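K.L.:
Here this note's numbering is used: the first residue of the first sequence is 27, the next is one more, and so on.
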Amino acid sequence: MAVEPLRLEVMNDQVDSDSDPPGYGVPLRVVGASYEEELLADLNPPQRVAATHHEGPLLVLAGAGSGKTRVLVHRIAWLVATGRAQPGEILAITFTNKAAGEMRDRVAQLTGPVSRLMWVMTFHAACARILRAHADRLGYKRTFTIYDDADSRRMVKRCAAELEIDPKRFSTRTLKSAISGAKNRLIDVEQYAAAQGSYFESTVAAVYRLYEERMPEANALDFDDLLVRTVNLLELFDDVRDGYQSQFAHLMVDEYQDTNRAQYRLLQLLAGERQNLFVVGDDFQSIYGFRHAEIRNILDFSDDFDCGEPVKLEQNYRSTKTILDASNALIANNSGQMEKRLWSDGEVGAPVVIAELDDEHEEARWVAGEIGRLIEDAEVERSEVAVFYRTNAQSRVLEDTLVRFDVPYQVIGGAKFYDRAEIKDALGYLSLLVNPEDTVAFARVVNSPRRGIGKTSEARILGFANLVGISPLQACERCQEIAALRPAARKAIGRFAETIASLGALADSEQSVAVLLEAVLNQSGYVEALEDERGVEAEGRLENLRELVNVAAEFDAGRVFEQSGEDEPIGPLEEFLQGLALLGEQDKLVDDAERLVTLMTIHNAKGLEYDVVFLIGCEEEVFPHARSLQEGNLEEERRLCYVGMTRARTHLYMSYARSRRNFGALGYNVPSRFVSELPSGLSERQVSQTRSTGWASGSGGGWGRGRSRPSGIFTASPTPPVAPASSTADPAAVAVNFALGDDIRHAKFGDGVVIGIEPGIVVVRFAEGGAEKKLMAEFAPITKIG
DNA sequence: TCCAAACTGATTTTT
DNA sequence: TCAGTTTGGA
27 MAVEPLRLEV MNDQVDSDSD PPGYGVPLRV VGASYEEELL ADLNPPQRVA
77 ATHHEGPLLV LAGAGSGKTR VLVHRIAWLV ATGRAQPGEI LAITFTNKAA
127 GEMRDRVAQL TGPVSRLMWV MTFHAACARI LRAHADRLGY KRTFTIYDDA
177 DSRRMVKRCA AELEIDPKRF STRTLKSAIS GAKNRLIDVE QYAAAQGSYF
227 ESTVAAVYRL YEERMPEANA LDFDDLLVRT VNLLELFDDV RDGYQSQFAH
277 LMVDEYQDTN RAQYRLLQLL AGERQNLFVV GDDFQSIYGF RHAEIRNILD
327 FSDDFDCGEP VKLEQNYRST KTILDASNAL IANNSGQMEK RLWSDGEVGA
377 PVVIAELDDE HEEARWVAGE IGRLIEDAEV ERSEVAVFYR TNAQSRVLED
427 TLVRFDVPYQ VIGGAKFYDR AEIKDALGYL SLLVNPEDTV AFARVVNSPR
477 RGIGKTSEAR ILGFANLVGI SPLQACERCQ EIAALRPAAR KAIGRFAETI
527 ASLGALADSE QSVAVLLEAV LNQSGYVEAL EDERGVEAEG RLENLRELVN
577 VAAEFDAGRV FEQSGEDEPI GPLEEFLQGL ALLGEQDKLV DDAERLVTLM
627 TIHNAKGLEY DVVFLIGCEE EVFPHARSLQ EGNLEEERRL CYVGMTRART
677 HLYMSYARSR RNFGALGYNV PSRFVSELPS GLSERQVSQT RSTGWASGSG
727 GGWGRGRSRP SGIFTASPTP PVAPASSTAD PAAVAVNFAL GDDIRHAKFG
777 DGVVIGIEPG IVVVRFAEGG AEKKLMAEFA PITKIG
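Set out below in structure tokens:
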């Protein structure tokens with residue numbers, strides 16, 4: 027029954043795994059049935075069923091922490107090692123670079139270097155690779171630029187402006203998302219235009235139409251295009267489709283619940299007749315509906331592909347029983363999902379802590395205090411603590427507080443390195459060198475640094491380019507022919523064209539991206555302009571650019587991005603730009619922090635795990651978010667909560683505040699329904715007694731019926747909750763007379779409460795208007811009251 | 001062309 | 001509240 031394993035000479039010097047869970051370092055010297063046994067030895071029964079699935083479609087329903095990556099990796103290794111598949115026949119697709127990288131590494135550990143023949147990459151990277159090879163079929167050049175969200179929004183904006191659409195009536199954002207929605211559903215312009223109903227839709231149709239004209243003119247593809255154009259390519263050209271269908275005998279997809287219609291179609295086209303489509307996912311963790319992911323894809327998989335029951339992985343290797351039971355109870359409130367119940371044979375663990383705080387500031391102080399206590403008690407490392415929130419805006423108060431409490435942290439998401447203006451400018455230059463038609467990059471760069479080519483001149487250049495049918499860059503070279511230009515502008519444009527031309531020549535001869543980038547920054551006058559500016563901000567920008575040069579140098583040294591594949595050689599510069607365009611910030615940041623608490627949105631937390639997880643802002647309107655409630659997406663919000671909870675290994679904290687400032691206005695929210703959906707037997711409640719109303723009463727409050735009260739932010743305890751030994755500013759020592767939570771009276775401002783202490787400074791929130799003020803502890807006219 | 005004041009609008013965002 | 005963008009004046 028066992029097929030004679032394929033003998034792979036390259037496997038021999040396979041190293042033993044050091045850190046991975048048992049079973050990952052199986053030396054592949056072993057051949058024969060025993061090797062197969064060894065490969066499967068560490069899998070539990072359902073994992074084994076999944077991993078040894080040979081042909082035909084199969085859905086693996088993999089609950090949180092149930093070892094889905096392990097199953098994917100082992101199946102790949104099993105297919106190859108037993109000779110059921112050639113390495114080159116494997117296409118394994120993920121959504122994130124991080125997941126792809128992890129899978130690549132783990133496959134390599136099992137199979138050795140032959141893993142390089144496999145395509146293990148993201149949807150977008152795979153599509154980009156396919157499109158580069160056949161760009162001409164669709165009328166693109168292989169040097170096409172990939173537009174990120176901001177770039178493509180600029181293009182939408184330009185199109186809308188050109189059509190004289192009132193930007194107040196239809197925001198660029200709205201238009202872009204409507205177009206993106208259409209694309210993800212594989213609705214092309216014609217279909218969209220034909221189906222138009224409202225004025226809004228016909229407006230979108232017009233913009234969509236122009237956008238579809240302008241993008242190919244710029245030889246550019248946005249993220250959606252990468253998928254859609256690949257689908258087009260495979261649908262239109264039988265030979266191309268046949269080629270890939272026979273090449274990829276085995277398709278594997280991770281996080282299948284997040285696929286959208288375009289991705290579904292793509293998989294269908296690639297799977298062909300053989301239908302060797304092995305997908306892994308969890309409907310409970312579908313949280314990207316707003317990005318047009320279709321949960322029906324996973325719910326209907328078995329019917330769609332006419333295969334048997336899904337294999338369910340329900341044994342969880344991550345969390346305590348308590349955390350799992352609470353999560354199961356929560357998700358049971360959703361309807362229309364595939365039955366699944368996570369279980370574990372691990373510890374029962376600590377109860378889920380649910381804390382009620384007065385407002386977001388107290389909530390933040392509570393988080394900081396708990397983190398301090400956990401670390402002091404040596405229960406956990408800082409890097410094993412994460413705080414999740416629903417919206418990025420919530421991180422601010424938290425950050426302020428963590429700084430004040432001397433808790434080192436990192437924030438994932440939010441403003442990204444590659445979104446910074448100076449980085450985009452620098453990359454804009456490079457982009458223009460590779461793809462002279464790139465109008466968005468042109469517009470970015472033409473007057474950056476300032477060289478006296480303003481909006482008017484830019485419009486004239488673009489108008490001329492449009493009229494004659496040449497690229498904006500060519501228009502610059504022929505600026506003598508643009509009559510409307512003023513002499514000064516014409517001169518500036520001429521010089522710009524020369525600069526680009528000379529850089530272009532360098533790009534043709536220079537193989538090092540870093541060298542080229544430095545030349546760009548110097549010759550364009552970009553660095554000079556920043557240096558002249560002086561100031562902290564300019565210094566920061568220069569620093570960022572230096573960092574970018576470092577990234578380029580690293581790239582030069584050893585191709586840091588995904589394999590480019592040998593089938594369609596593209597230049598290093600193109601590869602560099604594509605790598606950056608497809609790279610997310612998460613890919614870089616998540617691991618490198620050794621001793622930092624991690625802050626991120628719950629969305630960003632998917633796929634990660636931490637010993638200790640705080641889920642803050644569990645209030646109606648915040649989480650579930652008001653807008654989701656309006657739009658009837660409650661179940662997706664609940665899944666989001668489920669995802670957040672199941673990230674925790676041993677300790678889960680959830681908190682809500684009685685009041686919270688939102689867009690400047692103070693709001694009073696009730697606790698999230700998600701909190702009340704947790705069985706009371708599994709949780710422990712803590713209620714802060716502090717009230718923003720009733721200032722005069724009591725001496726700072728305390729804690730209600732909690733068994734273990736947290737380290738006393740609001741207790742009468744004179745010691746501040748966190749006093750790191752390393753701290754240069756011991757709060758207690760500096761503000762001798764004041765402690766957090768003290769009620770005070772100010773000669774001018776009236777009564778308030780001490781909400782923060784910094785060296786020599788007390789932060790006081792006053793009852794009147796709830797204003798926060800920083801006061802000099804020594805000199806301010808304040809006295810303790812109560 | 002550039003800067004600063006007014007205005008606006010505001011989830012989540014693997015790529 | 002606050003940041004990103006638009007508008008108007010110099």
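Glycine is no exception: its CB is placed at the ideal position from the N, C-alpha and C atoms.
These numbers were taken from a predicted model, which means no experiment stands behind them.
(1) When you compare each of 598, 509, 131 and 132 to residue 457 by their alpha carbons, which one comes out closest?
(2) State the Cα-Cα distance for the pair residue 717 and residue 681, rounded to the nearest angstrom.
(3) Only counting the same chain, and skipping five residues up and downstream in sequence, which positions put a Cβ closer than 6 Å to that of residue 466?
(4) In or out: residue 548 buried (at least 16 other Cβ within 10 Å) or exposed?
(5) So residue 339 packs on residue 350, CB below 8 Å; how close in whole Å?
(6) Per DSSP, residue 645 is paired with what?
(7) Short check: CB of residue 386 to CB of residue 686, under 8 Å?
(8) Considering only residues of the same chain and omitting the five flanking positions on each side of residue 475, which have a CB-CB separation below 6 Å?
(9) Could you give the DSSP three-state label for residue 688: helix, strand or coil?
(10) Taking only runs that begin and end inside the stretch 482 to 529, name each unbroken alpha helix (DSSP H) of 4 or more residues, in chain order.
(11) To which residues of the same chain is residue 808 closer than 6 Å at the C-beta, ignoring the five residues directly before and after it?
(12) For residue 416, name the three-state secondary structure that DSSP assigns.
(13) How would you label residue 138, buried or exposed, when you count the other beta carbons within 10 angstroms and need 16 or more for buried?
(14) Can we count residue 690 as close to the ligand MG, meaning its CB is less than 7 Å from some heavy atom?
(15) With DSSP as the reference, please indicate the residues paired to residue 148 in a beta bridge.
(16) Compute the Euclidean distance between the alpha carbons of residue 50 and residue 135, then round it to the nearest angstrom.
(17) Quickly, what does DSSP pair residue 626 with across the bridge? List them, please.
(18) Check residue 229 in the structure and name its three-state DSSP category.
(19) Since residue 307 is in the beta strand (DSSP E), which residue starts that stretch and which ends it?
(20) Do residue 570 and residue 446 count as a contact pair if the criterion is CB distance below 8 Å?
(21) With a CB to CB cut of under 6 Å and the five nearest residues on each side skipped, what residues in its chain are close to residue 672?
(22) Mark residue 604 as exposed unless 16 or more other C-beta atoms lie within 10 angstroms of its C-beta, in which case mark it buried.
(23) Is it buried or exposed for residue 366, if we count other Cβ within 10 angstroms and need 16 for buried?
(24) Taking residue 306 as the reference, give the member of 512, 84 and 240 with the closest Cα.
(25) Evaluate contact between the stretch 253 to 264 and the stretch 96 to 107, counting only Cβ atoms and requiring at least three cross-stretch pairs below 8 Å.
(26) Could you tell me how far apart the beta carbons of residue 643 and residue 420 are, in whole angstroms, since I believe they sit closer than 8 Å?
(27) Hey, is the stretch 623 to 636 in contact with the stretch 401 to 420, meaning 3+ C-beta pairs nearer than 8 Å?
(28) The alpha helix (DSSP H) spanning residue 218 covers which residue range?
(29) Is the Cβ-Cβ distance between residue 279 and residue 119 less than 8 Å?
(30) So, under 8 Å CB-CB, residue 455 and residue 546 are touching, yes? Tell me the CB distance rounded to an integer number of Å.
(31) So what does DSSP say about residue 651, is it helix, strand or coil?
(32) So, residue 185 versus residue 270, is the Cβ gap smaller than 8 Å?
(33) By Cβ distance, which residues of its chain are closer than 8 Å to residue 449, with the 5 residues on each side in sequence left out?
(34) Less than 8 Å between the beta carbons of residue 61 and residue 111, yes or no?
(35) Determine the direct distance from the alpha carbon of residue 76 to that of residue 211, and round the result to whole angstroms.
(36) How do the stretch 492 to 508 and the stretch 523 to 531 stand: do at least 3 beta-carbon pairs fall below 8 Å, yes or no?
P.N.:
On the basis of the data shown:
(1) Closest by alpha carbon: 598.
(2) The straight-line gap from Cα to Cα measures roughly 16 Å.
(3) Cβ within range, chain order: 177, 180 and 181.
(4) By the neighbour-count criterion, in which 16 or more other beta carbons inside 10 Å mark a residue as buried, residue 548 falls on the exposed side.
(5) Contact doesn't hold; Cβ gap of about 14 Å is too wide.
(6) Looking at the DSSP output, residue 645 shares a beta bridge with 697.
(7) Going by C-beta atoms, residue 386 is nearer than 8 Å to residue 686.
(8) In the same chain as residue 475, and ignoring 5 residues on each side of it, the C-beta atoms closer than 6 Å to its own belong to 551, 552 and 555, in chain order.
(9) It is a strand residue.
(10) The stretch 482 to 529 contains these whole alpha helix (DSSP H) runs: 498 to 503.
(11) Here the set comprises 770 and 772.
(12) Here residue 416 carries a coil assignment [DSSP, helix/strand/coil].
(13) Residue 138 should be labelled buried.
(14) No copy of the ligand MG appears in this structure; indeed no ligand is present at all.
(15) DSSP lists 120 as partners of residue 148.
(16) Note that residue 50 scores a pLDDT of 37, beneath 50, so its modelled location is shaky and nothing firm can be said.
(17) Here residue 626 is bridged, per DSSP, to 414.
(18) It is helical.
(19) Under the DSSP assignment, residue 307 falls in the beta strand (DSSP E) whose first and last residues are 303 to 307.
(20) Contact: yes.
(21) Closer than 6 Å at the Cβ level, and outside the excluded window around residue 672, lie 90 and 353.
(22) Buried is the call here.
(23) It counts as buried.
(24) For the residues 512, 84 and 240, the minimum Cα distance to residue 306 belongs to 84.
(25) Under the Cβ criterion (8 Å, minimum of three pairs), the stretch 253 to 264 does not count as touching the stretch 96 to 107.
(26) At roughly 5 Å, the Cβ-Cβ gap stays under 8 Å, so residue 643 and residue 420 are in contact.
(27) Counting C-beta pairs closer than 8 Å gives three or more between the stretch 623 to 636 and the stretch 401 to 420, which meets the contact rule.
(28) That run of the alpha helix (DSSP H) goes 215 to 220.
(29) In this structure, residue 279 places its C-beta atom within 8 Å of the C-beta atom of residue 119.
(30) That belief holds up - the Cβ atoms of residue 455 and residue 546 are roughly 5 Å apart, short of 8 Å.
(31) Annotated three-state conformation of residue 651 is strand, per DSSP.
(32) Taking the C-beta atoms as reference points, residue 270 is found no nearer than 8 Å to residue 185.
(33) Contacts found: 443, 570, 571 and 574.
(34) Not in contact: residue 61 and residue 111 (Cβ atoms no closer than 8 Å).
(35) Each residue's Cα considered, the two are about 30 Å apart.
(36) A contact is defined here as three or more CB-CB pairs under 8 Å, and the stretch 492 to 508 meets this definition with respect to the stretch 523 to 531.
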